Each structure stands twice: as structure tokens, then as C-alpha cells.
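What follows is a short report on a single structure.
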Amino acid sequence: MKNIAKTIWSTFLRGFRWLFVSQSESKFGIFVRRAFITCIAIMLFALLALSIVCSYEDLRNKYATNKTENEVEDGSDNIYISRHIYFYIPKDSMGYIYNYYTNEKLIEDVGFIAKPVDGDKLICFSTGTKRGYFNAYTGKIMIRPCYDKAWVFSDGLAAVQKGKDLFFINHKGKRAFKKSFEFSDNADGYCFHNGYCIIALGDCHFGVINKKGEWAIPPIYVDLKRRLDDYWIVKNKDGYGLMKGFRKMILPCKYIYMDVDDFGILVQNKDCTMQRLNFDLTIKDKFVCEEIEPLLYRTPKLNKKGGHLMAVASCNSYSVGGCNNGYGYGLIDYKGRPLTKPIFSQIVAINKNVFLCKQEDNGILLNNHGEKINK
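The numbers in full-length UniProt numbering rise by one with no breaks, and the one at position 106 of the sequence shown is 106.
Take a look at the structure:
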């Protein structure tokens, strides 16, 4: 085996030396060398041409894929749908769906389109009076425009409305379940996420259904919001509360504000104070505020123009939102210790250590320890 490898390698070296090192001027040698070099040149040219074509196609596809809207010289728009399919919108008339490469009109008299967030292949479109769905990759109508209202597909289902009857359909245009609903202006799109959809009933009731149309959360709340990791913020007449999944309340409805993010659970108590909880409901941050600002007071000293000089008071003010339908302000010392709850609508420094704390049109005087001066 070693002898065969050596023979092949030595033959390759002799051929290489003969082509590029040997100075043989025989007609045969010159012909072979020229033919070899010509073949190499043709191959290199072909590879270069192929590389240029591929680069051009990649750039064109990338440009088309990333482009969502093209401004056309006459003021119309081209909206990207998929690699071949675009929505052309004239400036003063109805648009149409067309194939970018063949320039073939696929659907005419289109008023608008709505693309699903989760990449579903069916695109909602309007004819001006009715709504239906077409395939994003072929431009072919899949569900004819027969609905008064229609929403994008999510989790394989879409909400549609005929008359006062609002229901959900699948990709074939068939009803996903028998239950119907009535449209509410408070609805947030009628979209499913991870198998669940928030449903608004009338002006003040919210619940959650699953993909069978069953109530996962009954429609008894005046507000309802989906948050990360299957947390649901609900609100009744007593305040905001928190559910984990659909099994039980983990925080009762007693807060005036609540939110859930990657850092924990933010709650605002009835006295306007804010705290952040860990996901095991232990306290993470006992004190939370939005902003801290210095308080300035007017001194008896005058500047060169005759105006009173300002000085910094011995306390700052801090603020939180959501208190009395606006911002609430409180006193905080320079060590970061809150001296009052954020229950005031305005705080004004009278001098270095005295503060006028207003609630609406009335106010009280507090010292730099948060204590009332006139009891």
C-alpha cells in the first residue's frame, strides 16, 4: 500500500515539474501546457461568474426579505408578503396582490392586509366591505372574503364576525367550536397565544378561553392581562390580583397596580407604596419608586440682578405612578430612607428643613423627619 502511494505521489510531482518547471520546447510539451493553462483559466472564470451570480441573488433575496415597504415614485407602496408575493397600494384607489417575478395580478380590489405575528401562512385581507384570507406564498385565496370583520390567524385559529355573531375558524374556514361571542370594543385582537385567548364581554367583563372554546378563566373580571411564564393579572372591584396558570389566585385582588417582568412581581399597595416581590412571593425590594428629585427653596440672599438665590433642601422628593390617577410624591432623606408615603400631589420646600406637602388644593407642613409641624 505504501509503495502504491509513493508511486502516485512521485508521478504527480514529475507531472507538476514537467508542466511548470520544465523548459521543454517540444511541440507536444508546449501544446499540453497551453491546453492545461487554458482549462484552468476557463474553470476559474466559470467559478468567478458563478460566485458573482450567487452573490447577486443572495443580495436581492436579502433585500426583498428584509424590505417591508417600498416607496414608489407615484406615491404608491409595495408591501412585502413573501419572496414572490407583494401587495401593491396605489395612492388613491384599491390595491392588488401580485407576483413580484411574473408581475401577474393574483387578487384585485384589496383594501388592506394584516399579517400574522407568528408567521402563519394565511394573510387576512379586505375587499372594502368583506374580509377573507389568502396564502402568503402563492397569493391564492384560501377563504373567500365573506366576513364583516376578521382577525389574523394565531395558533392556527382566527376570529371572524358575521352580523353580531363572532366565532373562530380553522385554516379550512370551518368553525373551530360551536360557541359564539359578541364583539366588544374592549377586545385586544381576539388572538390566541400558547392555546389561550382573552375574550371581552360587553364593557367591563374579561375572561380567557382555550382552543375548545371553554372558559379557562371565567369572564368575571373588569380587566385581565397576560404576562410572561403563564402569569395572568386580573382585576375586580377590589383591585388587581395575580393568577399562575388557571389553577388558583397567588395574590389576592387588593392592589392598585401590578405588573410582572423578568425581575419579579411589581405591586402597588392601597397606600400608594410600591414593592417588588420574588416569584416565590417573598419581598425582593421593600421600597420601589420611579424618580427621585432634589427640592430647592428660595433663600433671603439676592443675586446681582436682585433675584433670590436658590438652595438645596435637606430632603428629596420621590414619585410613583398610579396614585390617585396620577403621580404620587413623598419625602425621602439623603440616605435613601423614605420619610412619608407617596400620597401627595405636590411637595414644595419652604426652607432647608420645612416642606409644604399638598393633597389636591390643601397641604400640610412637614419637617425633615417627615413629621407634622403643626399638629
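Every residue gets a Cβ at the ideal spot worked out from N, C-alpha and C, and that includes glycine. None of these values were measured; they are calculated from a predicted model.
For the pair R247 and G207, the Cα-to-Cα distance works out to about 14 Å. Shortest Cα-Cα distance from P252 to any of Y221, D229 and D261 involves Y221. Restricting attention to F112, D109, Y137 and I107, the CA atom closest to the CA of D120 is found in Y137.
Pairing C272 with C191 gives a Cβ-Cβ distance that is not under 8 Å.
With a contact defined as Cβ atoms closer than 8 Å, G328 and V320 qualify at about 5 Å. Ranked by how close their Cα comes to the Cα of G128, the residues D148, G245, E360 and L47 have D148 in first place.
A distance below 6 Å between beta-carbons, with the five flanking residues on each side excluded, links I113 to the following residues of its chain, in chain order: F87, I123 and F125. S319 carries a strand assignment under DSSP once its states are collapsed to helix, strand and coil.
Comparing alpha-carbon positions, the option among K91, K174 and D155 lying closest to G132 turns out to be K174. For I256, the three-state secondary structure derived from DSSP is coil. Each residue's CA atom was taken as its position, placing K244 and D109 some 46 Å apart. For the pair of segments examined, the region 260–276 was found not to touch the region 295–306: the number of CB pairs separated by less than 8 Å stays below three.
Residue pairing for R226: DSSP places it in a beta bridge opposite W232. Just so you know, the alpha carbons of D77 and K211 end up roughly 37 Å apart.
Here N316 is buried: its Cβ has 16 or more other Cβ atoms, across all protein chains shown, within 10 Å. In the DSSP assignment, L365 falls within the unbroken beta strand (DSSP E) covering N362 to N367. According to the DSSP secondary-structure assignment, W215 is paired through a beta bridge with I209. Residue pairing from DSSP places A150 in a beta bridge opposite V160. In this structure, K162 keeps its C-beta atom at 8 Å or more from the C-beta atom of P145.
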